[in-house]
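Take the sequence shown: its position 248, counting from 1, is numbered 345 in the working numbering, and each next residue is one higher. C-beta: ideal position from N, C-alpha, C; glycine also. Please read these numbers as outputs of a predicted model, since none were measured by experiment. Here is the structure we will look at, set down as structure tokens.
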Amino acid sequence: MKGKQQTIDSIEYMFKQRKDELESQYQIFEDKKEQLLFLEEQTSQMQKGILRTSVVGDFMNEQANRSFLSMRTKCAMSLKHIRELIATLSQMLREIDDDFIKLTTYMNTMRYRDSLFIGNQTPHATIIMFRRNGAIDTDYQTLTPKPFPLSLDEYIDVQKGITFYCDKIEPSIENHLAPKFSFVAFHGCNYIVGDIANHKVKYISKHKEGYQTKDFPVDVEYPTGIAQLKDTSKFYVTDRQLHCVHIIDMKSGSVRAFGGYGNENGKFNEPTCVAVDDDNKVYVSDGMNNRIQIFSSEGVFISALSIPKQRTPFYPHCVLFADDQLVILDNWGSSVFSIDPKLKKISSIISRYGGGASFVNRPTYAAYDEVGRLFICDTGNRRIICFKQNVYLGAIEMEPLGVKGNPLGIAVKDNFLVFTTTAFEPYLYFISTKTFPNPPTDGAL
């Protein structure tokens with residue numbers, strides 16, 4: 098135990114050195130980028146001024162017009178060069194940001210028990226975690242690049258008439274760190290999010306003066322999912338790090354938990370999501386135990402859903418109900434399928450791993466809207482993919498939006514979609530889905 102602690106301490110020291118170095122590099126590049134953005138704005142204004150002057154001077158002599166044309170050309174070339182420099186700096190910032198995410202991810206893995214850690218700092222600080230069974234633990238947020246956005250706060254009109262924007266959620270007074278969001282869910286016109294930086298579940302409401310946040314009365318370590326018991330003030334929150342499900346009654350203020358670490362019935366190893374059916378039975382995706390467990394509304398174990406043996410490796414990351422069918426997102430197996438919970442059999446395959454437009458790669462969370470469209474965070478492919486009645490409708494790509502990170506948590510309501518990203522940042526992203534991918538032919542929208 099002492100040797101293991103010394104290993105962890107050494108890795109933490111190595112990571113601190115690398116983190117300090119990254120922060121210094123990041124600040125230098127960020128300052129240069131700010132200077133270039135200012136220069137870009139000034140050059141753009143100059144270009145507009147030259148254009149206005151040349152339009153007014155249509156009746157100038159030929160020599161004057163040639164002079165204005167030369168100025169416009171030089172200004173356009175300068176603007177292009179400035180934007181190329183900004184793109185280069187953004188790429189450098191993205192690479193630094195990637196390292197930050199990896200450092201954060203790997204530092205979090207050290208909280209797991211009974212694991213062996215092997216670190217490497219060349220050319221980048223990395224660490225591999227081996228479990229007792231020899232399996233290598235990885236996280237989806239380290240698999241693909243995450244473009245650094247040039248702008249986060251402006252509204253952008255993107256492909257197919259979608260309106261996209263994002264809002265930054267400032268930390269509340271009682272929090273020490275900027276929030277980093279995992280899941281997101283609608284609650285009326287407001288939102289509930291998991292904040293892994295401050296180990297809280299937050300209720301976010303919007304007012305004229307901006308967003309206001311209120312913490313749920315529960316101490317969590319790594320909140321990954323939430324569900325509400327219908328017509329009650331009772332919520333269920335999965336905690337991947339504490340291997341349990343918290344039960345919070347917002348009306349009475351009572352808080353308790355069920356589960357705990359293990360592979361026995363009623364125990365968990367990385368619970369990631371929770372859903373409640375019409376009979377008030379609670380379904381929990383038990384990730385590392387490769388199963389779905391079913392409980393009463395009070396947290397009493399009922400049964401477990403066995404998945405056919407051919408579906409291996411199986412890591413259920415998200416569960417949600419569509420009518421009487423349980424939809425499961427298998428993160429490791431890169432598939433989305435539905436199960437009849439009464440028959441305990443797969444009823445349909447919605448998507449699977451592959452290179453086609455309708456295939457997924459490491460899906461994480463999903464949500465249904467009021468007209469039956471299923472929006473899936475196709476995290477490994479950096480997009481949100483959409484189906485209706487198992488038919489592929491289209492996808493919302495992250496790259497054209499300039500979003501940092503891959504889509505992670507998701508919720509949809511009233512033609513508006515809100516999502517979080519694997520960058521674990523204090524932003525909520527919003528997309529209008531009224532005209533995307535296809536308006537229903539029955540005129541429901």
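### Query
Which stretch, first to last residue, makes up the beta strand (DSSP E) that contains Tyr308?
The continuous beta strand (DSSP E) containing Tyr308 extends over residues Gly307 to Asp312.
- Which word fits Thr476, buried or exposed, when buried means at least 16 other C-beta atoms lie within 10 angstroms of its C-beta? Around the beta carbon of Thr476, 16 or more other beta carbons lie within 10 angstroms, which makes this residue buried.
Beta-carbon separation (whole angstroms), Ser279 vs Leu505, contact threshold 8 Å
7 Å
Practice prompt. Could you tell me which residues DSSP puts in a beta bridge with Ala282?
Written response: Ile289
*Which residue spans inside the segment 326 to 378 form an unbroken beta strand (DSSP E) run of at least 3?*
If we require 3 residues or more, the beta strand (DSSP E) runs fully inside the segment 326 to 378 come out as 331 to 336, 341 to 346, 352 to 356 and 368 to 373.
Within its chain, find whatever has a CB closer than 7 Å to the CB of Cys370; leave out the 5 residues flanking it on each side and keep chain order.
These residues qualify, in order along the chain: Thr321, Gly322, Thr335, Ser382, His414, Cys415 and Val416.
*Ordered along the chain, which non-local residues of its own chain (more than five positions away) have a Cβ less than 7 Å from that of Tyr123?*
The beta carbon of Tyr123 lies closer than 7 Å to those of Leu190 and Ile193 in the same chain, with the five residues before and after it left out.
Helix, strand or coil at Gln486 according to DSSP, with G and I counted as helix: coil
### Query
Rounded to whole angstroms, how far is the Cβ of Asn295 from the Cβ of Leu326, which I believe are closer than 8 Å?
Not a contact, Cβ separation roughly 25 Å.
Within 10 Å of its beta-carbon, does Ile270 have 16 or more other beta-carbons around it, so buried, or fewer, so exposed? Exposed is the call here.
Under the three-state DSSP convention, the category Ala275 falls into: coil
| Just how far apart, CA to CA, sit Tyr308 and Ser164? | 52 Å
In the DSSP assignment, find the unbroken beta strand (DSSP E) run with Phe411 in it and report its ends.
From DSSP, Phe411 is part of no beta strand (DSSP E); its letter is neither H nor E.
Anticipated Cβ contact below 8 Å, Tyr288 with Val515, distance rounded: 7 Å
Fill in: Phe355, buried or exposed, once every other Cβ within 10 Å from all chains shown has been counted against 16
So Phe355 ends up on the buried side.
Q.
I need the straight-line Cα distance from Lys116 to Leu423, nearest angstrom please.
A. 42 Å
| query | What is the DSSP secondary structure of Ile125, reduced to helix, strand or coil? | reply | Helix at Ile125.
- Alpha-carbon to alpha-carbon, Ile147 and Met168: 7 Å
Out of curiosity, what's the CA-to-CA distance linking Glu522 and Gly491? 26 Å
Residue span of the beta strand (DSSP E) that contains Lys531, given as start and end:
Looking at the DSSP string, Lys531 is not in any beta strand (DSSP E), and its letter there is neither H nor E.
_Tell me the DSSP secondary structure of Gly322 in three-state form._
Note: Gly322 maps to strand in three-state DSSP.
*Neighbourhood of Leu186 by C-beta, 8 Å cutoff - its chain only, sequence neighbours within 5 removed*: Excluding its 5 nearest sequence neighbours in each direction, Leu186 has C-beta neighbours in its own chain below 8 Å: Phe126, Lys129, Lys130 and Leu133, listed in chain order.
Of the residues Lys439, Ser403, Asp196 and Trp429, which one's Cα is nearest the Cα of Asp420?
Lys439
Could you check the C-alpha separation between Ile443 and Glu138 for me, to the nearest Å?
56 Å
(Q) Here's the rule: buried if 16 or more other CB atoms are within 10 angstroms of the residue's CB, otherwise exposed. What is Phe484? (A) Here Phe484 is buried: its Cβ has 16 or more other Cβ atoms, across all protein chains shown, within 10 Å.
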